[in-house]
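Novice: Structure incoming, see below.
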Amino acid sequence: MMFTKKRLGAGVGLGLSLAISVGVGSWGAVPAFATTTDETLNSVSAATPETIANAAVVPTAVASENAIHSTVGRVDVTIPVDPAAGITLDADGRSVSIGLPFTPDASSAKVEQEGVVSYDNNNGSTTVPVVQTDGSVQINTVIDNAAAPTRYEYPITLPAFANLTAVPDGSVNITDAAGAAFASIAAPWAKGANGSKVATRYEISGTSLIQIVEHNVRGTVYPVVADPTVSYLWWGVAYKLSNSETRDLAANFGPAYFINAVCGFTGPAAPICALAVNIRLWTWQKPVNDAARQGRCAQLNYPYGSGPALWNVTNERC
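Okay, so the sequence shown: first residue is 38 according to the numbering used here, each after it adds one.
This is how it looks when you write it as structure tokens:
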């Protein structure tokens with residue numbers, strides 16, 4: 038049994054999601070005009086309705102250096118007018134900067150709605166960052182046609198000790214000098230407008246995360262959506278199970294199985310995890326069962342410096 042471990046850095050409350058949405062049409066159709074603002078927003082909304090529904094209501098304008106510069110939750114979010122400046126997330130003294138693709142040729146930000154801007158990359162793709170109500174940022178890319186790029190590179194500025202490390206399941210961990218993961222980027226996925234899967238994968242070059250989306254093949258129905266994620270939380274550590282692991286846990290729910298299956302992944306906190314299981318296990322059964330039934334993923338959470346009474350399990354999107 039393999040768990041996708043998400044260990045999130047101390048004191049940090051940052052989140053990033055990268056999503057790719059390929060514009061309306063079918064393989065081989067190259068539109069005469071670029072996607073309009075309404076079409077861009079509609080493409081994102083159609084691909085992941087919750088993204089636009091959960092957009093933060095924050096001041097959004099392009100009259101100064103930054104289109105968005107707001108504190109959402111405990112995260113300071115900065116989205117620039119000039120795409121070359123990159124997106125910055127700051128929380129509790131730790132900062133992560135995410136570069137955007139195609140910045141030498143991309144146009145300045147345009148306001149889509151509060152909390153949402155777009156950058157026309159002038160190559161058949163548009164980058165659309167969306168600030169979420171939890172302080173995370175989802176970076177969507179709307180691809181108009183099969184002639185658009187298949188390679189999207191996001192240079193990530195990390196702390197000096199950190200590295201991007203590939204995981205066999207397709208995800209990427211952000212690891213410290215000892216190789217321990219303190220954040221993770223979920224395995225990428227991609228699907229066409231008809232729900233069919235589109236091949237996608239990550240490549241790592243230094244501290245740049247590159248997503249390859251093989252959308253330009255015959256039979257692709259646009260839009261295609263791909264969604265890798267990376268997040269940091271200020272409150273503590275989270276271990277997210279895969280959906281299959283969640284189903285296994287639901288089917289074998291009990292103290293011994295939970296301790297053997299989960300607590301080993303909490304490292305030095307394993308004894309506290311075992312104590313938390315014995316104290317709180319039966320309050321966790323419903324979110325585990327609900328997640329298994331709904332095709333979602335159970336996540337074990339423990340706040341920094343807390344005792345087992347504050348540990349909990351939540352039902353999360355995988």
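All C-beta atoms, glycine included, are put in the ideal place defined by N, C-alpha and C. Small disclaimer: the values here were computed from a predicted structure and weren't measured.
By DSSP's criteria, LEU246 is part of a beta bridge. Which residues make up the other side?
Specialist: Your numbering for residue 246 matches position 209 in the sequence shown. DSSP lists TYR191 and ILE241 as partners of LEU246.
Novice: Rounded to a whole number of angstroms, what is the C-alpha to C-alpha distance between PRO308 and ILE316?
Specialist: Here residue 308 corresponds to residue number 271 of the sequence shown, with the count starting at 1. Here residue 316 corresponds to residue number 279 of the sequence shown, with the count starting at 1. Taking the straight line from one Cα to the other gives about 13 Å.
Novice: If I'm right that SER134 touches GLY152 with Cβ under 8 Å, what's the distance once you round it to whole angstroms?
Specialist: Here residue 134 corresponds to residue number 97 of the sequence shown, with the count starting at 1. Here residue 152 corresponds to residue number 115 of the sequence shown, with the count starting at 1. In fact, because the Cβ distance is near 19 Å, the residues do not count as touching under 8 Å.
Novice: Starting from LEU201, trace the beta strand (DSSP E) in both directions and tell me its first and last residue.
Specialist: In the sequence shown, residue 201 corresponds to position 164, counting from 1. From DSSP, the beta strand (DSSP E) with LEU201 extends over 200-203.
Novice: Using a Cβ-Cβ cutoff of less than 7 Å, which residues in the same chain neighbour SER119 once the five nearest sequence positions on both sides are dropped?
Specialist: Taking the first residue of the sequence shown as 1, we reach residue 119 at position 82. The question names Ser, yet the displayed sequence has Asp at residue 119. Only SER145 meet the Cβ criterion.
Novice: From VAL250, TYR276, ALA203 and ALA224, pick the residue whose C-alpha is nearest to that of SER242; which is it?
Specialist: Within the sequence shown, the letter at position 205 stands for residue 242. It is ALA203 whose Cα lies nearest to the Cα of SER242.
Novice: Tell me whether VAL350 is buried or exposed, calling it buried when 16 or more other Cβ atoms sit within 10 Å of its Cβ.
Specialist: On the sequence shown, residue 350 is found 313 positions in, with the first residue counted as 1. Buried is the call here.
Novice: Could you give the C-beta distance for ASN289 and GLY332, rounded to a whole number, given that I count them as a contact under 8 Å?
Specialist: Residue numbering aside, residue 289 sits at position 252 when the sequence shown is read from its first letter. Residue numbering aside, residue 332 sits at position 295 when the sequence shown is read from its first letter. Incorrect: roughly 18 Å between the Cβ atoms, too far for contact.
Novice: Closest by CA to ALA184, which one among VAL250, GLN150 and THR115?
Specialist: For the purposes of this step, residue 184 is taken as residue 147 along the sequence shown, with counting starting at 1. Nearest of VAL250, GLN150 and THR115 to ALA184, Cα basis: VAL250.
Novice: What is the C-beta distance between TYR294 and LEU246, in whole angstroms, given that I count them as a contact (C-beta under 8 Å)?
Specialist: The sequence position of residue 294 within the sequence shown is 257, counting from 1. The sequence position of residue 246 within the sequence shown is 209, counting from 1. Actually they do not touch by this definition, with Cβ atoms about 35 Å apart.
Novice: Fully enclosed by the stretch 111-184, which beta strand (DSSP E) runs are 3 residues long or longer?
Specialist: As far as the stretch 111-184 is concerned, its whole beta strand (DSSP E) runs of at least 3 residues are 112-117, 124-128, 131-135, 147-150, 153-157, 162-168 and 173-180.
Novice: Quick check on this structure: which residue in GLY172, GLU353, LEU78 and ASN253 has the alpha carbon closest to the alpha carbon of ALA128?
Specialist: Here residue 128 refers to the residue found at position 91 of the sequence shown. Ranking GLY172, GLU353, LEU78 and ASN253 by Cα distance to ALA128 puts GLY172 first.
Novice: Nearest-angstrom Cα distance between VAL94 and GLY291?
Specialist: Within the sequence shown, numbered from 1, the residue matching residue 94 stands at position 57. Within the sequence shown, numbered from 1, the residue matching residue 291 stands at position 254. Their Cα atoms are separated by approximately 43 Å.
Novice: My output table needs one value for ALA263: the three-state DSSP class, helix, strand or coil.
Specialist: Working through the sequence shown from its first residue, we reach residue 263 at position 226. The predicted model places ALA263 with a pLDDT of 45, which falls under 50 and marks its position as unreliable, so this point remains unresolved.
Novice: Out of TRP321, GLN175 and GLN336, state which residue places its alpha-carbon closest to the alpha-carbon of VAL114.
Specialist: Residue numbering aside, residue 114 sits at position 77 when the sequence shown is read from its first letter. For VAL114, the nearest C-alpha among the options comes from GLN175.
Novice: Go to ALA3, then tell me how far its beta strand (DSSP E) extends in each direction, as first and last residue.
Specialist: Coverage of the chain is limited to positions 38 through 355, which leaves residue 3 absent and any answer about it impossible.
Novice: Contact defined as beta carbons within less than 8 Å: I believe ILE116 pairs with ALA104. What is the distance between those atoms, to the nearest angstrom?
Specialist: Here residue 116 refers to the residue found at position 79 of the sequence shown. Here residue 104 refers to the residue found at position 67 of the sequence shown. The Cβ separation is near 5 Å, so the contact holds.
Novice: With H, G and I counted as helix, E and B as strand and the rest as coil, what does DSSP make of CYS355?
Specialist: By one-based count along the sequence shown, residue 355 stands at place 318. Here CYS355 sits in coil by DSSP.
Novice: Just checking my contact of GLY216 with ARG238 at CB under 8 Å: how many whole Å lie between their CB atoms?
Specialist: For the purposes of this step, residue 216 is taken as the residue at position 179 of the sequence shown. For the purposes of this step, residue 238 is taken as the residue at position 201 of the sequence shown. In fact, because the Cβ distance is near 22 Å, the residues do not count as touching under 8 Å.
Novice: Check each candidate in ASP327, ASN158 and TRP319 and name the one with the smallest Cα separation from TRP348.
Specialist: The residue you call residue 348 lines up with position 311 of the sequence shown. Closest by alpha carbon: TRP319.
Novice: Going by DSSP, what residues sit across from SER107 in a beta bridge?
Specialist: In the sequence shown, counting from the first residue as 1, residue 107 sits at position 70. Answer is VAL114.
Novice: For ASN253, name the three-state secondary structure that DSSP assigns.
Specialist: Stepping through the sequence shown from its first residue, residue 253 is reached at position 216. The answer is coil: DSSP assigns ASN253 none of H, G, I, E or B.
Novice: Please report the Cβ distance between TYR189 and GLN248, rounded to the nearest whole angstrom; I am assuming they are in contact, meaning their Cβ atoms lie under 8 Å.
Specialist: Taking the first residue of the sequence shown as position 1, residue 189 is located at position 152. Taking the first residue of the sequence shown as position 1, residue 248 is located at position 211. About 5 Å; that satisfies the 8 Å criterion.
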